[in-house]
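In the working numbering, the protein residues as written are -13 to 141.
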């Protein structure tokens, strides 16, 4: 038996449109509670990230890391991260070991693993990294900064 198809109001999308994000008022209210919103673009000293999607056990972002910059050397207690280099190149430091990641490289970073991404000084373009978080705690508070070029690590 075929299911009845209901009419859809084309004036109001049934699903959020990627990149639209919440209204500024809703975004401000959610941000004050530490929530992460789809479409949110956040500046960081090393570049920026945009939140692409959020689910109960995952979060996806696109990171843009500028030449000559690097993220904190950090680890997470409750989440794994997966990285795919969409364009450019980066140097990943994983538990003290450095490796070059070129376009197309894929790397999994389990919870508790010390890690950072860097784009060397003199690179001609930023690195664009697709980042996927999986795990139980999916918020920016799940960061233990071990080293930070921007004064954000706790002494």
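All residues carry an ideal CB built from backbone N, CA and C; glycine is no exception.
Supposed close pair residue 123, residue 66 - CB separation, criterion 8 Å | Actually they do not touch by this definition, with Cβ atoms about 11 Å apart.
Any idea what DSSP makes of residue 101, helix, strand or coil?
-> strand
Count the other CB atoms within 10 Å of the CB of residue 14; is the residue buried (16 or more) or exposed (fewer)?
-> For residue 14, the pLDDT reaches just 47, beneath the cut-off of 50, and the residue's location in the model is therefore unreliable, although a value from the coordinates is still provided. Exposed is the call here.
Going by DSSP, which residues form a beta bridge with residue 60?
-> 101, 131
Run of the beta strand (DSSP E) containing residue 32, from where it starts to where it stops | It is not in any beta strand (DSSP E) - residue 32 carries neither H nor E in the DSSP assignment.
Indicate the three-state DSSP secondary structure (helix, strand or coil) for residue 121 in the structure shown.
-> strand
Are residue 56 and residue 94 touching if we call contact CB-CB under 8 Å?
-> no
Under a three-way DSSP split, which group does residue 25 fall into?
-> coil
Would you tell me roughly how many angstroms separate the C-alpha atoms of residue 115 and residue 49, rounded to the nearest one?
-> 5 Å
Residue 72, DSSP secondary structure in three states | strand
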